[in-house]
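Note sheet for the following structure.
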Amino acid sequence: MFITPAHAASGFEIDPMHQFEIQTLLPLQIGGIDISFTNSAAWMVIITLAAYIFLATAMRRSALVPGRLQSLAELSYEFVLNMVQQNAGKGSLPYFPFIYTLFLFILCANMFGMLPYAFTVTSHIAVTFAFAVFIFIGATIIGFVKHGVGFCQFFVPKGVPIFLLPLLVVIEIISYLTRPISLSVRLFANMMAGHAMLKVFAGFVGALGIIGGWLPLGFMVAFTGLEILIAFLQAYVFTILTCIYLHDALHMH
Amino acid sequence: MPQLDITTYASQLFWLVVCFGVLYVLLSRLALPRIATALEERRDRIADELDQAAQLKKQSEEVLAAYEASLAESRERAHALSQETRHKVQQEAEAQRQKIDAELREKVADAEARIKNSRTQAREQLQGISSELAGLILQQVAGTSIPQQQIDESVAKALKRRE
Amino acid sequence: MEPEAAKLIGAGIACIALGGAGIGIGSIFGNYLAGALRNPSAAQQQFPNLLLGFALTEATGLFGLVVALILLFVV
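The listed protein sequences correspond, in order, to chains F, L and Y. All residue numbers for the first sequence refer to our numbering, where the first residue is 1 and numbers rise by one. All residue numbers for the second sequence refer to our numbering, where the first residue is 1001 and numbers rise by one. All residue numbers for the third sequence refer to our numbering, where the first residue is 2001 and numbers rise by one.
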C-alpha cells in the first residue's frame, strides 16, 4: 500500500521516498542469495575510494610542514584520536583504526549523500543497523573478555536499596539492549528525514512555480546548510557513542 | 518505504562488509601509520628544536653571566685604580701645599723681621729728627736753648706716650 | 473509520514527538547559552557536549517521525 503524500495543485507529483529506492545495476547471485551490485553498493565503493584516495594523496609526501590537504588529514586523525582518548579511556588505542574508519566512512557517506542525485548509504536502516549491531556485539565481547563473568556487574547499579534491585537490573539490561536500536535509528532517521524534507520542499518549489517558488527555494538553501551540519554531527555522534560503549566495555562505568 | 524492503538487505550487507573491510584494511595498514609517523616526526622535531633552543639559551645566559662578571671585575679595578690615583694626587698636593706653606711662612717671617727692623730704624731716625727739629724750633721760636740731652729725653717720652 | 484515515491521523499524532524534541533542543541550547554567559572560559570545552546533547535529543524526535513515515508508507 503506497500513498503519495503530497499532490500539488498543478498535478505535480512528489514522492520523497523515491530517492531511497535501491536499483540494481548489475544482477549478481551467490548461493541463491541476491547480492546484486546496486546503486547503494556503487556509492559505497565511491565512498571507500574517495576516503582512501583523500588520505593517500594527503599523505603522499608527508611533509614536515603540512600542506592544505595534509593538515586536513592530520586534523581528522587528531580529532578522532582525541575523541577516543577522552571518551574511551585507557586501553582503547587498539580500537582506534576501527573507530577512525567508522568515522570517515559515515562522514563520507553522509556528505556524499548531500550531492544532488546521490544516494545516501546511511539512510538505509540495514546499513546503520549492521554497524550498530557489530559495535554492540563487539563491545559486549570485549567486556566479557576483559572482565569475565564480572561484566554482569555492569547491569547492577551501586548504592541502591536491595528491594529495588531486580527492577533496576531489568531496566539496565533493557537499556543496554536498546543501544544498537537507538544508535542505528538515530543515524538512519536523521539522514532519511533530512533528505525527505528537502525533497518535499523541492516539490513545493515545482508546485508553486516561478512566482511563489522562491520562498521554499530559499528555505531549501538554508536547510541544505543545516543538513551538511547534521551530516557531520551524526557521524560525530555515532563515533562518540561508539567510544562511550567501548569505554563501558573496557572500564565498566 | 524502500528501507524496509527485506530483499535488498543481503546485497547491502554484502557490499557494506566488502567496502568497509577494504577501507579498514587500507587505513589501518597504510594510511593511519603514515599519519601517525608524520605526526610523531613532527612532534620529535619540535621537541628536538625546543631542546636545542633551551640549550642555546642556557649557553647565551652563561656567556652573559661571564661577560657581566668580567664587567664587574673591570669596574672594580677601575674604581680601585682611580681611588689610588686620587689618593696619590691628594698626597702630592698636600705635600706641595705644606712645602709652599712653609716657604710662605718663612718668607712672611722674613718680611716681618725686615719690617720690624726698618720700623725700629725709622723710629730711631724719627727720634733723631724730632729732637733735632725740637731743638731748632726751640731755638728759633723761644730763642732759648736747652741742653740736647734734655730734648732727647722729652722727645723719647712723648713718642713713647703716643705709641 | 476508514483504515486510510486512521493511518493518516496516526501519522499526524506520531509527529507530536517532534514538539518534544523541539522543547528539548531549545532547553539544551538555552542552558548552554546561560552557562556560557556565566562562565565564558568554560564554554569552549563544553561545546562537544552541546552537540552531543543536541544530536541525542533530536534523535528522539526523529523516532516519532520514523513511526509516522512507517505508518504512512508501510502499514
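Each residue gets a CB set at the ideal place from its N, CA and C atoms; glycine is no exception.
Listed by chain order, chain F residues near residue i by CB distance under 7 angstroms
{"i": "L1026/L", "result": "Y52"}
{"i": "S1074/L", "result": "The premise fails here: S1074/L is roughly 47 angstroms from chain F at the closest Cβ pair, so nothing lies under 7 angstroms."}
{"i": "Q1012/L", "result": "S40, H124, A126 and V127"}
{"i": "R1034/L", "result": "M59 and S62"}
Inter-residue spacing [alpha-carbon to alpha-carbon] between residue i and residue j
{"i": "S1118/L", "j": "H1087/L", "result": "45 angstroms"}
{"i": "V127/F", "j": "A1053/L", "result": "53 angstroms"}
{"i": "L64/F", "j": "L246/F", "result": "33 angstroms"}
{"i": "F188/F", "j": "F79/F", "result": "23 angstroms"}
{"i": "L168/F", "j": "S175/F", "result": "10 angstroms"}
{"i": "I141/F", "j": "N2049/Y", "result": "28 angstroms"}
{"i": "F2/F", "j": "A2006/Y", "result": "Interpretation of F2/F is limited by its pLDDT of 43, a score under 50 that renders its predicted location unreliable; no figure is taken from the coordinates."}
{"i": "E1061/L", "j": "S1070/L", "result": "14 angstroms"}
{"i": "G1967/Y", "j": "E1040/L", "result": "Look at the range of chain Y in this structure, 2001 to 2075, and you will see that residue 1967/Y is not part of it."}
{"i": "L1023/L", "j": "Y100/F", "result": "10 angstroms"}
{"i": "G1143/L", "j": "T1120/L", "result": "32 angstroms"}
{"i": "L1032/L", "j": "F2073/Y", "result": "43 angstroms"}
{"i": "L76/F", "j": "A58/F", "result": "For the sequence presented, residue 76/F should be read as Ser rather than Leu. Spanning the two alpha carbons is a distance of roughly 12 angstroms."}
{"i": "T224/F", "j": "A109/F", "result": "16 angstroms"}
{"i": "H7/F", "j": "F219/F", "result": "Residue placement at H7/F is flagged as unreliable, the pLDDT there being 43, under the threshold of 50; a coordinate-derived value is accordingly withheld."}
{"i": "S36/F", "j": "L217/F", "result": "37 angstroms"}
{"i": "T1007/L", "j": "M192/F", "result": "19 angstroms"}
{"i": "E21/F", "j": "I2028/Y", "result": "35 angstroms"}
{"i": "L102/F", "j": "P166/F", "result": "36 angstroms"}
{"i": "F163/F", "j": "P157/F", "result": "13 angstroms"}
{"i": "Y117/F", "j": "H18/F", "result": "11 angstroms"}
{"i": "K1157/L", "j": "Q1127/L", "result": "10 angstroms"}
Limits of the unbroken beta strand (DSSP E) element including residue i
{"i": "T24/F", "result": "T24 to L26"}
Whole-number beta carbon distance between residue j and residue i, since they are thought to touch under 8 angstroms
{"i": "M232/F", "j": "L107/F", "result": "A small correction: the amino acid at residue 232/F is Phe; Met does not occupy that position in the sequence shown. Right, the Cβ-Cβ distance comes to about 7 angstroms (below 8 angstroms), so this counts as a contact."}
{"i": "L55/F", "j": "L1027/L", "result": "7 angstroms"}
{"i": "T279/F", "j": "M44/F", "result": "Nothing about residue 279/F can be reported from this structure: the residues present for chain F run from 1 to 253 only."}
{"i": "F1020/L", "j": "F105/F", "result": "6 angstroms"}
{"i": "L250/F", "j": "G138/F", "result": "In fact, because the Cβ distance is near 12 angstroms, the residues do not count as touching under 8 angstroms."}
{"i": "S1011/L", "j": "D34/F", "result": "6 angstroms"}
Cutoff 8 angstroms: residue i Cβ touching any chain F Cβ
{"i": "F2073/Y", "result": "yes"}
{"i": "L2050/Y", "result": "no"}
{"i": "A2021/Y", "result": "no"}
{"i": "V1022/L", "result": "yes"}
Any C-beta of chain Y under 8 angstroms from that of residue i
{"i": "L198/F", "result": "no"}
{"i": "M114/F", "result": "no"}
{"i": "L75/F", "result": "no"}
Enclosing alpha helix (DSSP H) for residue i [first to last residue]
{"i": "L217/F", "result": "W214 to H251"}
{"i": "E2002/Y", "result": "Note, E2002/Y: premise wrong, no alpha helix (DSSP H); not H, not E."}
{"i": "D1101/L", "result": "L1032 to I1137"}
{"i": "C108/F", "result": "F96 to G113"}
{"i": "K90/F", "result": "No alpha helix (DSSP H) contains K90/F, which DSSP labels as neither H nor E."}
{"i": "Q153/F", "result": "No alpha helix (DSSP H) contains Q153/F, which DSSP labels as neither H nor E."}
{"i": "V127/F", "result": "I125 to H147"}
{"i": "Y1024/L", "result": "Y1009 to L1026"}
{"i": "M44/F", "result": "N39 to A58"}
Beta-carbon neighbours of residue i, restricted to chain Y and to distances below 8 angstroms
{"i": "N110/F", "result": "The contacting residues do not exist; N110/F stays about 12 angstroms from chain Y at best."}
{"i": "I254/F", "result": "As displayed, chain F neither begins before 1 nor continues past 253, which places residue 254/F out of reach and without an answer."}
{"i": "L233/F", "result": "L2051, F2054 and A2055"}
Residue-chain proximity (residue i, chain L), Cβ-Cβ < 8 angstroms
{"i": "I135/F", "result": "no"}
{"i": "M59/F", "result": "yes"}
{"i": "D34/F", "result": "yes"}
{"i": "P97/F", "result": "yes"}
Neighbouring residues, chain L, relative to residue i (Cβ below 8 angstroms)
{"i": "I2070/Y", "result": "M1001 and L1004"}
Check: residue i C-beta below 7 angstroms from any heavy atom of the ligand FAD
{"i": "Q19/F", "result": "As for the ligand FAD, it is missing from this structure, which has no ligand bound."}
Beta-carbon neighbours of residue i, restricted to chain F and to distances below 8 angstroms
{"i": "E1041/L", "result": "S62 and L64"}
{"i": "A2006/Y", "result": "Residues of chain F passing the Cβ test: none, with the nearest at roughly 13 angstroms."}
Chain L residues whose Cβ lies nearer than 7 angstroms to that of residue i
{"i": "V45/F", "result": "C1019"}
Residues that residue i contacts on chain Y, provided the C-beta gap is smaller than 9 angstroms
{"i": "R257/F", "result": "The structure shown does not extend to residue 257/F, since chain F is modelled only from 1 through 253, so no value can be given for it."}
{"i": "Y236/F", "result": "P2048, L2051, L2052 and A2055"}
Chain F contact residues for residue i, given Cβ-Cβ distances below 9 angstroms
{"i": "A1047/L", "result": "In chain order: nothing, as chain F lies at least about 13 angstroms away."}
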